[in-house]
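Protein chains in written order, with the working numbering: chain C, 542 to 771; chain B, 542 to 771.
The beta carbon of each residue, even a glycine, is placed where N, CA and C say it ideally should be.
Before any comments, here is the structure.
Number of protein chains: 2
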Amino acid sequence: MVTMRPATADSQSVQDFLKAVYTLQQKMERVSTNALAEMLSISAPSVTDMAHRMMLAELVNYEKYHGVRLTETGEREALRVIRRHRLIELYLVTDLGYALHEVHDEAEQLEHAVSDRFIAALAEKLDHPTLDPHGDVIPAIDGTFHYRELCKLTELPLGIKAKVACLTSNDPDILRHLMDKGFTLGSQIEIIARDPFDGPLTILIDGKSAVVGCTAATYISVEQDKGACK
Amino acid sequence: MVTMRPATADSQSVQDFLKAVYTLQQKMERVSTNALAEMLSISAPSVTDMAHRMMLAELVNYEKYHGVRLTETGEREALRVIRRHRLIELYLVTDLGYALHEVHDEAEQLEHAVSDRFIAALAEKLDHPTLDPHGDVIPAIDGTFHYRELCKLTELPLGIKAKVACLTSNDPDILRHLMDKGFTLGSQIEIIARDPFDGPLTILIDGKSAVVGCTAATYISVEQDKGACK
DNA sequence: GTAGTAGTTTAGGCTATTCTAAAAATAATG
DNA sequence: CATTATTTTTAGAATAGCCTAAACTACTAC
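And the structure:
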């Protein structure tokens with residue numbers, strides 16, 4: 542603790558940290574050390590250390606024992622990284638024939654290696670898209686982020702028609718399972734029956750019947766065809 | 542010097558080192574510490590250190606005070622890295638609209654971040670090409686490397702017709718200069734006059750007259766339209 | 001064949017990122 | 001509100017990759 546240098550904003554670890562904070566911030570006011578350690582697969586002390594250095598760099602606001610929050614600069618940086626990541630994911634699918642479950646890990650590496658020039662070329666080639674292949678929103682270059690009103694499949698009422706809008710997981714196994722079941726962005730969905738006690742859902746995907754465990758269903762968000770969600 | 546761990550073959554520095562040794566080996570039996578330091582823009586002691594660690598990893602054969610040579614494994618690895626680099630360069634040009642002078646630095650970063658899956662997709666998409674946008678040979682997946690018989694422009698006799706085969710530089714400024722002069726892979730070339738005392742060359746590029754300094758000409762290799770070189 | 005120079009190596013250090021083990025603070029519970 | 005359990009932080013250490021300054025080899029020229 543003698544002296545401590547501020548984090549260099551462009552390092553891989555710092556960028557990963559920013560992304561993790563941003564993601565967790567969606568669900569909690571301040572992001573705890575342990576939550577970050579878990580998400581980043583590093584030890585809690587490493588998180589504390591990084592938090593210190595990133596506070597010196599004014600990327601996060603950190604209070605001892607009370608977790609972390611992004612500063613304005615931090616949030617801007619985080620969105621920049623997320624934009625890169627999602628553009629790359631989309632590119633891998635549309636131009637290089639990647640399957641959905643393959644893109645995350647590849648993009649995770651690429652996002653740190655690639656120049657702004659490269660990202661601009663992708664955006665151009667993809668005609669400035671707004672959604673990545675999971676259905677997540679791609680932040681704009683100016684930091685704009687267009688939130689969508691989505692509904693978790695687990696909360697979709699029986700008999701209501703909706704469309705698959707988002708497959709929210711980075712785990713290849715989960716994604717492959719969902720694809721195997723027939724879930725694809727845009728497919729038409731309707732819940733036919735819901736078993737009690739966290740039992741499976743019986744649904745219609747583009748007219749074809751399927752059964753899905755409720756844990757797997759957690760990773761699916763939908764957009765109702767008409768009216769608001771719930 | 543207490544203990545020293547072998548280099549981890551997949552690190553960025555190690556891969557850069559392998560590439561540098563491979564390149565320099567074309568011109569010299571054993572590659573000296575200073576030559577590597579120069580090419581990699583690191584200090585001589587850092588080179589020595591790396592040489593030690595890479596010898597433990599059996600990637601190079603290193604003799605104190607007598608430089609380094611690639612082992613068989615080392616050469617295989619080097620070719621793998623070069624293959625990646627060149628495929629990426631070609632891809633940047635053909636699919637993402639990069640200019641020749643922009644590709645090197647980008648590829649330099651990408652080659653370390655990208656998976657084998659990615660490289661395979663590129664090769665597929667580019668229809669298994671054999672030349673990169675500089676005109677350099679892309680090593681095949683199996684490590685095969687098809688050498689070409691080329692002639693330096695500076696050694697092309699007067700009045701002999703040839704085609705531009707290779708623009709051998711990674712320096713963006715040099716490449717841009719050559720492009721500005723009208724040199725493009727495949728263009729028809731003929732030397733009209735050669736000034737003495739390392740003076741400029743007067744040449745015909747696709748029928749149009751141009752003048753090029755002899756240093757710049759160094760970076761150009763040509764393939765004679767008929768007969769052997771020299 | 002010895003002196004000087006050019007090239008190389010050793011010694012010792014620094015930074016970023018990670019770790020484990022132990023101490024301290026907060027939060028939860030009776 | 002005191003005690004326990006959980007979470008977080010401090011302390012101390014390791015590694016890869018780099019550095020500078022100083023010591024040492026090897027080659028070259030008289």
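Taking only beta-carbon atoms, is residue i less than 9 angstroms away from chain B?
i               : result
G684 of chain C : no
R658 of chain C : yes
L631 of chain C : no
D646 of chain C : yes
Counting contacts by CB-CB distance shorter than 9 angstroms, is residue i in contact with chain C?
i               : result
A662 of chain B : yes
S554 of chain B : no
L716 of chain B : no
T756 of chain B : no
Tell me the DSSP secondary structure of residue i in three-state form.
i               : result
K722 of chain C : helix
N575 of chain B : helix
I715 of chain C : helix
K560 of chain B : helix
E570 of chain C : coil
R735 of chain B : strand
E764 of chain B : strand
R627 of chain C : helix
T612 of chain C : coil
L745 of chain C : strand
Y606 of chain C : coil
A703 of chain C : strand
S587 of chain C : helix
S710 of chain B : coil
S728 of chain B : coil
S552 of chain C : coil
A757 of chain B : helix
V598 of chain C : In the sequence on display, residue 598 of chain C carries Ala and not Val. Coil, per DSSP.
List the residues of chain C that residue i touches, going by C-beta distances under 8 angstroms, in chain order.
i               : result
A654 of chain B : Q650, L651, H653, A654 and V655
Going along chain C, which residues have a C-beta under 9 angstroms from residue i?
i               : result
G638 of chain B : A662, E665 and K666
Please list the partners that residue i has in chain B, where partner means a Cβ-to-Cβ separation under 8 angstroms.
i               : result
E643 of chain C : R658
If you draw a straight line from the alpha carbon of residue i to that of residue j, how long is it in whole angstroms?
i               : j               : result
N711 of chain C : P674 of chain C : 12 angstroms
K704 of chain B : F558 of chain C : 52 angstroms
L641 of chain C : L716 of chain C : 7 angstroms
T614 of chain C : E647 of chain B : 26 angstroms
A619 of chain C : H653 of chain B : 23 angstroms
S587 of chain C : R625 of chain C : 25 angstroms
G700 of chain C : V752 of chain C : 15 angstroms
P680 of chain C : Q567 of chain C : 15 angstroms
K771 of chain B : A578 of chain B : Note that K771 of chain B scores 42 on pLDDT, short of 50, meaning its location in the model is unreliable and no value can be drawn from it.
P737 of chain B : A758 of chain B : 14 angstroms
C707 of chain B : Y760 of chain B : 8 angstroms
P698 of chain C : L742 of chain C : 11 angstroms
Y563 of chain C : I746 of chain C : 33 angstroms
E630 of chain C : E643 of chain C : 9 angstroms
R658 of chain C : P670 of chain C : 17 angstroms
C638 of chain B : P713 of chain B : In the sequence as presented, Cys is not what sits at residue 638 of chain B; that position holds Gly. When rounded, the distance between both Cα atoms is 16 angstroms.
A592 of chain C : Y603 of chain C : 7 angstroms
T589 of chain B : L651 of chain B : 26 angstroms
V634 of chain C : H718 of chain B : 37 angstroms
H607 of chain B : T574 of chain B : 8 angstroms
K560 of chain C : R546 of chain B : 33 angstroms
A598 of chain B : I583 of chain B : 21 angstroms
E731 of chain B : Y688 of chain B : 24 angstroms
D551 of chain C : R617 of chain C : 13 angstroms
T695 of chain B : R627 of chain B : 25 angstroms
K605 of chain B : M596 of chain B : 11 angstroms
S728 of chain B : G676 of chain B : 12 angstroms
T725 of chain B : T756 of chain B : 17 angstroms
V763 of chain B : L672 of chain B : 14 angstroms
A548 of chain C : T612 of chain B : 39 angstroms
Query raised in the report: What are the complete beta strand (DSSP E) segments, minimum 3 residues, inside the segment 639 to 683 of chain B?
Result: Counting only runs of 3 or more, we get nothing.
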